[in-house]
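Asker:
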């Protein structure tokens, strides 16, 4: 089913309102979620609603969360997300980092006591849209990455996002899980009844599996690199770095031992990390974005290995998706549409999707 | 041949003195180089001397370099390395970052007009040894990484290093090239007459090669991840991120287009980036290192997939190598020993290795 961003916006707003989220946080949360859907990052937008619904039902999510600064210096801050979803806390924290980096050149803001915050790239891009370099990382609620030579998952898929502004080009934005593939890709493959490529996850016998359900159930994902010989210690190192910056630094939980330390009922206590850096403190006016354009242009000019398959430039696939989905709408799997309607019914929010479906309007 | 760190120290000092390097910079340079050899990072220590010798002969290296701060704020600085080797400038810049992060919580220092600086992990570790989180990245003198779907190299092997202090454990230190394998591994395999694993580099026909010489000559290295399906866009994105932080931000050259823009005789103008972050601005005293110990202990406790092959913990292999090589000495390939002696003779420095070899003393 193809749904407009506007309809999804109203449907999500209705659900979050019924859940008791504060209005200012609803606006931020929906904006971050729809950024993912519009950008083709289908694993991190509305497809997360069933998971949010579930953890709310389990009592692990505070809807009327208070986001506040608990420690700070002129260029750092520690933010407590109050146990709510991470999106609004993330927007608040990256805005703080951006404001503070403007004057002194660099700032870092950590967040603790949070939850899933959607696509990390949104936050890194916030900095780039203001002319700054942005970095955003987050820990995860569940350990999924098996460290090199190990037999059990010890880190979440711990994504890292980096963005830098350009001039005539859109900003350079990269955003990826430090596992070979993001867990959301497993969910999407499972929902679509597709296999996953060999090398993403292991089965119970320790051999690679192509069944996304096995990947989701066992959570034995390979770190980026796949095997030791092909550099899995690097992906595993990145996953650890993200955990240290996002959780260890800010007082978030280490997911692999959370239940063992704090019990099955414990909150996820996810942590995030945001950094903003002002190129104006390093280069003369305009030099940085001119060099960014030079690099991006040079990448676009590389002859493709296969004709018709141009060199991937980070940020381009998302930009292309946005242009298309803003006008044509967002494809949403039928099973997910049903889940969203069910979630709306369960909290007595209006079912706007069903309404649209019955009248056939876009 | 096994050589003591002390002998290598004296031999390198003698050569750098003959080359006209300033004494304070010699001490830093040799310390950083021997850190690599003692830590088992054989690709980044004395094995780089032939390359340094060559670029000096080509007039691309300033030996009496002046390292100076050209711009600064209380938490950022831009350092000009004066066209010298990068080691001393790197030590200077990371010291600046460390001093400045102590008070306000975070600091970043960029370096331009530099050259190869050895193992990035040395600088990240400098921060960890003072109780801070450290990040160090550097651009490279030659493009080697082929972007996803592309046909020619556009980024150097652009390494990234990250270190964090622990309590009863040694610091967590990761340091790796953003290609599947570091270029130094190709050189070592070539010197040892060994093949490289399939997946590290492509041959002229676009298919994988196992010949390290082909990898070194053509420089068609895969980004970490190897193929698109296994996440090569992630390794390529990291390589770009490192280039942006190290070169674009600080006025270093974009290696892929340097000759085309500035001519074959142009200096490499390598850039570095250093960041230091003070956990004391985020957590209560001792909490951060206690959590680091918890994470490291949990990783060590993971059951290995293969008995006898424990889970890799970043920093451990280097620590083990150091313990062994401090007492037993550093293995140096015979061909490299001959090259070092030749380099000493060429600049009229004493040949201390040959002298040792003739008397048979350690």
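Protein chains in written order, with our numbering: chain L, 1 to 362; chain G, 363 to 724. By construction, the Cβ of each residue, glycine as well, lies at the ideal position given by its N, Cα and C atoms. The model shown is predicted, which means the values in this text are computed figures rather than measured ones.
1. Who does residue 178(L) pair with in a DSSP beta bridge?
2. Just the chain G side, please: which residues come within less than 8 Å of residue 294(L) by C-beta, in chain order?
3. Rank 35(L), 9(L), 251(L) and 233(L) by C-alpha distance to the C-alpha of residue 81(L) and give the top, closest one.
4. For residue 70(L) and residue 202(L), what's the separation of their Cα atoms in angstroms?
5. Any residues in the segment 88–101 of chain L with a beta carbon nearer than 8 Å to a beta carbon of chain G? Which ones, in chain order?
6. Do you know offhand how far residue 603(G)'s Cα is from residue 310(L)'s?
7. Kindly list the residues whose CB is nearer than 7 Å to the CB of residue 360(L), restricted to its own chain and excluding five residues on each side of it in sequence; keep chain order.
8. Is residue 653(G) close to chain L, meaning its C-beta is less than 8 Å from at least one C-beta of that chain?
9. Which residues, in order along the segment 135–166 of chain L, keep a beta-carbon less than 7 Å from a beta-carbon of chain G?
10. What is the residue span of the beta strand (DSSP E) that residue 79(L) lies within?
11. Is any beta-carbon of chain L found at less than 8 Å from that of residue 591(G)?
12. Who are the neighbours of residue 282(L) on chain G, taking C-beta pairs under 8 Å?
13. Cα-Cα, which of 43(L), 9(L) and 44(L) is closest to residue 30(L)?
14. Is there a Cβ of chain G sitting closer than 8 Å to that of residue 234(L), yes or no?
15. Going by the beta-carbon positions, is the gap between residue 347(L) and residue 124(L) smaller than 8 Å?
16. Shortest alpha-carbon distance to residue 521(G) belongs to which of 645(G), 436(G) and 601(G)?
17. Hey, could you find the ends of the beta strand (DSSP E) residue 469(G) is sitting in?
18. Measure from the alpha carbon of residue 529(G) to the alpha carbon of each residue in 653(G), 368(G), 375(G) and 696(G), then state which is nearest.
19. Applying the 10 Å Cβ sphere with the 16-neighbour rule, what's the burial state of residue 2(L)?
20. Where in the segment 265–299 of chain L do unbroken runs of the alpha helix (DSSP H), each at least 4 residues long, occur, reported from the N-terminal end onward?
21. I'd like to know if residue 81(L) contacts chain G, where contact means its C-beta is closer than 8 Å to some C-beta of that chain.
22. In terms of residue numbering, what span does the alpha helix (DSSP H) encompassing residue 17(L) cover?
23. Between which two residues does the beta strand (DSSP E) harbouring residue 72(L) extend?
24. Check whether the Cβ atoms of residue 405(G) and residue 544(G) sit closer than 8 Å, and answer yes or no.
25. Three or more beta-carbon pairs under 8 Å between the segment 502–519 of chain G and the segment 579–596 of chain G, yes or no?
26. Sort 422(G), 650(G) and 367(G) by Cα distance to residue 408(G) and report the nearest one.
27. With a threshold of 8 Å between beta-carbons, can residue 240(L) be considered close to chain G, or not?
28. Please state the DSSP three-state secondary structure of residue 535(G).
29. Beta strand (DSSP E) containing residue 524(G): first to last residue?
30. Since residue 658(G) and residue 534(G) are thought to touch, with beta carbons under 8 Å apart, how far apart are those beta carbons, to the nearest angstrom?
31. Would a check of beta-carbon distances place residue 583(G) closer than 8 Å to chain L?
32. Could one say the Cβ of residue 190(L) lies closer than 8 Å to chain G's Cβ atoms, at least one of them?
33. Checking contacts by CB at 8 Å: is residue 171(L) closer than that to chain G?
34. Whole angstroms is fine: what's the gap from residue 33(L)'s alpha carbon to residue 39(L)'s?
35. Following the continuous beta strand (DSSP E) through residue 609(G), name the residue where it begins and the one where it ends.
Answerer: Checking against the coordinates, here is how it stands:
1. Taking the first residue of the first chain as 1, we reach residue 178(L) at position 178. Answer is none; residue 178(L) lacks a bridge partner.
2. Counting from one through the first chain, the residue named residue 294(L) turns up at place 294. What residue 294(L) touches in chain G: 616 and 619.
3. In the first chain, the residue the question calls residue 81(L) occupies position 81. When only C-alpha atoms are compared, the closest one is 251(L).
4. As a working mapping, residue 70(L) is identified with position 70 in the first chain. As a working mapping, residue 202(L) is identified with position 202 in the first chain. Cα to Cα, the separation comes out at about 41 Å.
5. none
6. By 1-based counting over the second chain, the position of residue 603(G) is 241. By 1-based counting over the first chain, the position of residue 310(L) is 310. Going by the C-alpha atoms only, they are around 20 Å apart.
7. By one-based count along the first chain, residue 360(L) stands at place 360. Legend: pLDDT at residue 360(L) = 41, less than 50; position of this residue unreliable, value from coordinates given subsequently. Around residue 360(L): no qualifying Cβ.
8. Here residue 653(G) refers to the residue found at position 291 when the second chain is read from its first residue. Output row for residue 653(G): interface = yes.
9. Here the close residues are 147, 148, 149, 150, 151, 152, 154, 162 and 164.
10. On the first chain, position 79 is the one that residue 79(L) refers to. Residues 76–80.
11. The sequence position of residue 591(G) within the second chain is 229, counting from 1. True, the Cβ-Cβ gap to chain L drops below 8 Å.
12. Indexing the first chain from 1 puts residue 282(L) at position 282. In chain order: 433, 438, 440, 472, 611, 612 and 613.
13. Taking the first chain and counting its residues from 1, the one referred to as residue 30(L) is at position 30. Among 43(L), 9(L) and 44(L), the Cα nearest to that of residue 30(L) belongs to 9(L).
14. What you label residue 234(L) is simply residue 234 of the first chain in a count that begins at 1. Yes, contact with chain G.
15. Locating residue 347(L) in the first chain gives position 347, counting from the first residue. Locating residue 124(L) in the first chain gives position 124, counting from the first residue. Not closer than 8 Å, so no.
16. Numbered from its first residue, the second chain carries residue 521(G) at position 159. The candidate whose alpha carbon is nearest that of residue 521(G) is 601(G).
17. Within the second chain, residue 469(G) is the residue found at index 107, counting from 1. First-last of the beta strand (DSSP E) with residue 469(G): 468–476.
18. Counting from 1 along the second chain, the entry for residue 529(G) is found at position 167. The candidate whose alpha carbon is nearest that of residue 529(G) is 653(G).
19. Taking the first chain and counting its residues from 1, one reaches residue 2(L) at position 2. Its Cβ having fewer than 16 others within 10 Å, residue 2(L) is exposed.
20. None, since the segment 265–299 of chain L contains no complete alpha helix (DSSP H) of that length.
21. Residue numbering aside, residue 81(L) sits at position 81 when the first chain is read from its first letter. It does not; no Cβ of chain G falls within 8 Å.
22. In the first chain, residue 17(L) corresponds to position 17, counting from 1. Run containing residue 17(L): 5–19, per the alpha helix (DSSP H) assignment.
23. For the purposes of this step, residue 72(L) is taken as residue 72 along the first chain, with counting starting at 1. Where residue 72(L) is concerned, the enclosing beta strand (DSSP E) stretches over 68–73.
24. Mapped onto the second chain, residue 405(G) falls at position 43. Mapped onto the second chain, residue 544(G) falls at position 182. Yes. Within cutoff.
25. yes
26. As a position in the second chain, residue 408(G) is number 46, starting the count at 1. Among 422(G), 650(G) and 367(G), the Cα nearest to that of residue 408(G) is on 367(G).
27. In the first chain, counting from the first residue as 1, residue 240(L) sits at position 240. Flagged as an interface residue toward chain G: residue 240(L), by a C-beta distance shorter than 8 Å.
28. As a working note, residue 535(G) is residue 173 in the second chain. Reduced to three states, the DSSP call for residue 535(G) is strand.
29. Numbered from its first residue, the second chain carries residue 524(G) at position 162. 522–526 is the span of the beta strand (DSSP E), which, as asked, contains residue 524(G).
30. What you label residue 658(G) is simply residue 296 of the second chain in a count that begins at 1. What you label residue 534(G) is simply residue 172 of the second chain in a count that begins at 1. Correct: roughly 7 Å between the Cβ atoms.
31. In the second chain, counting from the first residue as 1, residue 583(G) sits at position 221. Not one beta carbon of chain L lies nearer than 8 Å to the beta carbon of residue 583(G).
32. Locating residue 190(L) in the first chain gives position 190, where the first residue counts as 1. Chain G, which has no Cβ nearer than 8 Å to the Cβ of residue 190(L), makes this no.
33. Counting from one through the first chain, the residue named residue 171(L) turns up at place 171. Not one chain G Cβ lies under 8 Å of residue 171(L).
34. Along the first chain, read from residue 1 onward, the residue named residue 33(L) stands at position 33. Along the first chain, read from residue 1 onward, the residue named residue 39(L) stands at position 39. If you take the alpha carbons of residue 33(L) and residue 39(L), they lie about 10 Å apart.
35. Position 247 of the second chain, counted from the start, is the residue given in the question as residue 609(G). Element bounds for residue 609(G): n/a, residue is neither H nor E.
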